[in-house]
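Residue numbers (the numbering used here): 1 to 303. We put the CB at the ideal spot given by N, CA and C, even for glycine. Since this is a predicted model, take the numbers as computed values, not measurements.
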Ligand code: SF4
Ligand code: SF4
């Protein structure tokens, strides 16, 4: 199934310390023109994209625009998700207003971001108001609990459990504003670290093969597929689906590629997935080697 993260805007009403989509990132700055956003949506529909996640900054500061885009997706039968910080759910009435608008526009699912960094800006009661409103109205939701797995997050996790919220932990990505965060050393078991790589359309219409840290590979621009104003978006998505190294990321996994590249096993297990990915693919020399080996040595590197 083709799906894409749609960055209508990187603007946000708060400034979380850990934000990957920080507006200061000059490549993604600003907001799309609504008309152009609609045109690209139609193109995505014709390119058989079946799932669109409205993400990047805070989409719901542009509620009217997002509702128009959702309605357009709905006419093409595209599954839609909005990723939000729940700023709008200050009380049950306000939550109901937003949820009603979104549902009337055909939204399929809300993803509510939650973390100790988000909750410095947004009261955690907002997230509960949003959850309860989704449950009452029958709108699918889940809470994305961004965490660095430290004890500091125990209380916030407990709060979600007490309120019987459906949540999924998501590792903080040490990119964007979180690049400079101190991070505890890790040592995992040997995980494959395969990555499904959700493509990302930025507000300036640049398309990336990976929606998370992928737009921050500044030395190689490894995940940049092109610009949707200059190329057909279907062709850019095809590029993502057929690139041999990307395929290895999806199937062999980052750990297997690192092992092939000469990283010691005992070092591989001390890296987080996106950091290991950056070491491999944001290093021009390493990238050259891997590109040369993509269809030969690396392709033969399997059990
Ligand atoms: S709410 Fe999301 S987009 Fe806004 S600053 Fe926080 S992490 Fe970034
Ligand atoms: S592992 Fe690489 S491809 Fe996957 S999300 Fe992280 S940076 Fe993107």
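Roughly how many angstroms lie between the CA atoms of residue i and residue j, to the nearest whole one?
i, j, result
"residue 125", "residue 93", "13 Å"
"residue 279", "residue 133", "43 Å"
"residue 120", "residue 14", "9 Å"
"residue 198", "residue 10", "17 Å"
"residue 307", "residue 41", "With the chain covering 1 to 303 only, the question about residue 307 has no answer from this structure."
"residue 260", "residue 289", "11 Å"
"residue 71", "residue 47", "18 Å"
"residue 238", "residue 155", "44 Å"
"residue 296", "residue 219", "25 Å"
"residue 303", "residue 194", "15 Å"
"residue 183", "residue 170", "15 Å"
"residue 16", "residue 213", "16 Å"
"residue 26", "residue 69", "Any reading at residue 26 must be qualified, since the residue scores a pLDDT of 44, below 50, and its modelled position is unreliable; no value is offered."
"residue 253", "residue 38", "35 Å"
"residue 240", "residue 250", "11 Å"
"residue 148", "residue 236", "33 Å"
"residue 298", "residue 187", "25 Å"
"residue 35", "residue 158", "43 Å"
"residue 216", "residue 175", "7 Å"
"residue 179", "residue 60", "26 Å"
"residue 118", "residue 177", "13 Å"
"residue 196", "residue 53", "15 Å"
"residue 287", "residue 242", "17 Å"
"residue 283", "residue 116", "32 Å"
"residue 153", "residue 141", "22 Å"
"residue 181", "residue 18", "8 Å"
"residue 231", "residue 222", "18 Å"
"residue 285", "residue 233", "29 Å"
"residue 247", "residue 101", "39 Å"
"residue 24", "residue 57", "Residue placement at residue 24 is poorly supported in this model, since its pLDDT is 49, which falls under 50; the coordinates are not used for a value here."
"residue 44", "residue 262", "39 Å"
"residue 292", "residue 55", "35 Å"
"residue 160", "residue 3", "29 Å"
"residue 192", "residue 150", "23 Å"
For residue i, which residues in the same chain have their Cβ closer than 6 Å to its Cβ, ignoring the five residues on either side in sequence?
i, result
"residue 74", "106"
"residue 143", "112, 114, 165 and 167"
"residue 205", "227, 228 and 229"
"residue 211", "5, 198 and 200"
"residue 128", "163"
"residue 305", "This structure cannot speak to residue 305, because the chain is shown only from 1 to 303."
"residue 173", "20, 212, 213 and 274"
"residue 130", "86, 89, 95 and 112"
"residue 301", "260"
"residue 294", "244 and 245"
"residue 65", "34"
"residue 145", "114, 167 and 169"
Excluding sequence positions up to five away, which residues of its chain have a Cβ less than 7 Å from the Cβ of residue i?
i, result
"residue 31", "8, 9, 11 and 203"
"residue 99", "133, 134, 137 and 139"
"residue 1", "50 and 51"
"residue 224", "206 and 208"
"residue 62", "8 and 9"
"residue 258", "268, 276 and 280"
"residue 76", "45"
"residue 185", "270"
"residue 109", "81, 140 and 141"
Tell me which residues share the same chain as residue i and place their Cβ nearer than 8 Å to its Cβ, disregarding the 5 neighbours each side in the sequence.
i, result
"residue 190", "255, 265, 268 and 269"
"residue 104", "67"
"residue 305", "Residue 305 is absent from the structure shown; the chain starts at 1 and stops at 303."
"residue 28", "For residue 28, the pLDDT reaches just 47, beneath the cut-off of 50, and the residue's location in the model is therefore unreliable, although a value from the coordinates is still provided. If we look at residue 28 and ignore the five residues flanking it on each side, its Cβ neighbours are 7, 10, 21, 56, 202, 203, 204, 206 and 215."
Answer yes or no: the CB of residue i versus the heavy atoms of ligand 3, is any distance below 7 Å?
i, result
"residue 185", "You won't find ligand 3 in this model; what it holds is ligand 1 and ligand 2."
**Study point:** Sequence-ordered residues whose beta carbon comes within less than 6 Å of a heavy atom of ligand 1
**Key:** 12, 14, 15, 16, 19, 21, 57, 58, 85, 113 and 118
Check your understanding: Are at least three pairs of beta-carbons, each pair with one atom in the stretch 265-279 and one in the stretch 64-84, less than 8 Å apart?
Key -> no
Point to revise | Uninterrupted alpha helix (DSSP H) stretches inside the stretch 154-206 (no shorter than 4 residues) | key: 154-162
Review point. In the stretch 7-95, which residue ranges form an unbroken alpha helix (DSSP H) of at least 4 residues, counting only runs that do not cross its ends?
Key: 34-46 and 63-75
Review point. Could you name the residues, in chain order, whose CB is less than 6 Å away from a heavy atom belonging to ligand 2?
Key: Contact residues of ligand 2 (beta-carbon closer than 6 Å to any heavy atom; chain order) are 195, 197, 210, 212, 213, 214, 249, 254, 273, 274 and 277.
Practice item. With a floor of 4 residues, list each alpha helix (DSSP H) that falls wholly inside the stretch 91-151, ordered by position along the chain. Key: 92-104 and 124-137
Review point. In chain order, which continuous runs of the alpha helix (DSSP H) of length 4 or greater are located wholly inside the stretch 195-266?
Key: Complete alpha helix (DSSP H) runs here, min 4: 233-242, 244-251 and 254-260.
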